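Residue numbers (the working numbering): 3 to 110.
Structural data, given as structure tokens:
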């Protein structure tokens, strides 16, 4: 079954060196998961300053700047994985780089 692991953390929680290290670790982890047949896709998201919210009102798209989330944590990226069961999905999510500074949600 496929599980989506969403990565949440404060947008400025990592400095540039930590962010680069996290990207490198994440790429390595993606290769490891791929070797085990568990990797489907992964990717970081753009900063919230580039986000757009789209709502449809009376058949027309209304676009506004920003995600307007009422939280300090933002969705920063994801891993889409192939897991045998919930326990395996949790074990995979627990090893996603940057985990000490953020929070993950996994589900089908």
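Ideal placement from N, C-alpha and C gives every residue a C-beta, glycine not left out. These numbers come from a predicted model, not from an experiment.
Worksheet item: For residue 32 versus residue 44, is the C-beta distance shorter than 8 Å?
Response: On the chain shown, residue 32 is found 30 positions in, with the first residue counted as 1. On the chain shown, residue 44 is found 42 positions in, with the first residue counted as 1. Cβ atoms of residue 32 and residue 44: closer than 8 Å.
Worksheet item: Do the stretch 76 to 84 and the stretch 39 to 57 touch if we need at least three Cβ pairs shorter than 8 Å?
Response: yes
Practice prompt. Identify whether residue 59 lies in helix, strand or coil by the three-state DSSP scheme.
Written response: If you number the chain shown from 1, residue 59 lands on position 57. Strand at residue 59.
Worksheet entry | Element boundaries [beta strand (DSSP E), containing residue 12] | In the chain shown, the residue the question calls residue 12 occupies position 10. Where residue 12 is concerned, the enclosing beta strand (DSSP E) stretches over 4 to 12.
Fill in: Reduced DSSP secondary structure (H/G/I, E/B, other) of residue 51
For the purposes of this step, residue 51 is taken as residue 49 along the chain shown, with counting starting at 1. Here residue 51 sits in helix by DSSP.
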